[in-house]
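**Student:** Please see the structure below; I have some questions.
Numbering (our numbering), first residue to last: 1 to 292.
Below, the structure written as structure tokens:
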């Protein structure tokens, strides 16, 4: 009887996992979108933690092993994950399909001239933080759907239904977010890092300056002094920063100017309770709109 029970349990377990598409994403934002569309027909994982700077991820053998077992590998692209190619090469998985979700995105801040290290962490193909414009999440979801359909056509109706349900939910949230951010249109704001051009342009915010003197370059006392004048002239009353950066410099600026410092997650699982893309955008928009 025990042997029969074990066999039955194995059969159930096998049937639950049979046909699942094995997916690895570079970020938890992509992971969440994959899970929304694929649900129990995908076995998904991700590399960069939600509370981690996606520009800098330590290469671990366990990450290569994840890719070795994967069928699809989704990335943000535009040079955000400079570490991704090393994982791909180390996985030795010739059957791995790589999907760059930036392909359908209208890129912003593409440098006009030659890019070198003196300019800081400049991305030659455009700013990669496009997921912070929630309208771009719809484009990302469509790209994910297309990849899943190609890999597992037998589950096409299932994936399409999940996709349509998610887009319907997202569309309702877009109306809500647009309403909340309407009062912020035209307001000046300071950001820590150059992650926010897509968000700012979507909601009509004026970027007065950045705490970093150049992208990826740590704040300096001389640049802080420049920001004091910028804040005074622009009337900016908020510094928005990713929660994985040190708040030492922003707090120093705040003590001199009275400006508010808001720390937000820009990835799923970047903060306790932020377990979906929609909850992440809720947190960002509620905190920014509520403090302008």
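The beta carbon of each residue, even a glycine, is placed where N, CA and C say it ideally should be.
I'd like to know if the region 202-220 and the region 176-192 are in contact, where contact means that at least 3 CB-CB pairs between them fall below 8 Å.
**Tutor:** yes
**Student:** Whole angstroms are fine: how far does the CA of residue 163 sit from the CA of residue 290?
**Tutor:** 31 Å
**Student:** Report yes or no: do three or more beta-carbon pairs, one from the region 72-83 and one from the region 102-113, lie closer than 8 Å?
**Tutor:** yes
**Student:** With DSSP collapsed to three states, give me the class of residue 20.
**Tutor:** It is coil, neither helix nor strand.
**Student:** By DSSP's criteria, residue 31 is part of a beta bridge. Which residues make up the other side?
**Tutor:** Its beta-bridge partners do not exist; DSSP assigns none.
**Student:** For residue 159, which of 279, 22, 41 has the nearest alpha-carbon?
**Tutor:** 41
**Student:** Just the Cα atoms here: how many angstroms apart are residue 4 and residue 19?
**Tutor:** Only weak support exists for where residue 4 lies, its pLDDT of 47 falling under 50; the coordinates are left without a value.
**Student:** What distance in whole Å lies between the Cβ atoms of residue 72 and residue 147, which are believed to be in contact at a cut-off of 8 Å?
**Tutor:** Residue 72 and residue 147 do touch by the CB rule: their CB atoms are close to 6 Å apart, below 8 Å.
**Student:** With distances taken between CB atoms, is the gap from residue 32 to residue 277 smaller than 7 Å?
**Tutor:** yes
**Student:** Report the rounded CA-to-CA distance for residue 196 versus residue 264, giving the unit in angstroms.
**Tutor:** 12 Å
**Student:** Is the CB-CB distance between residue 238 and residue 285 below 7 Å?
**Tutor:** no
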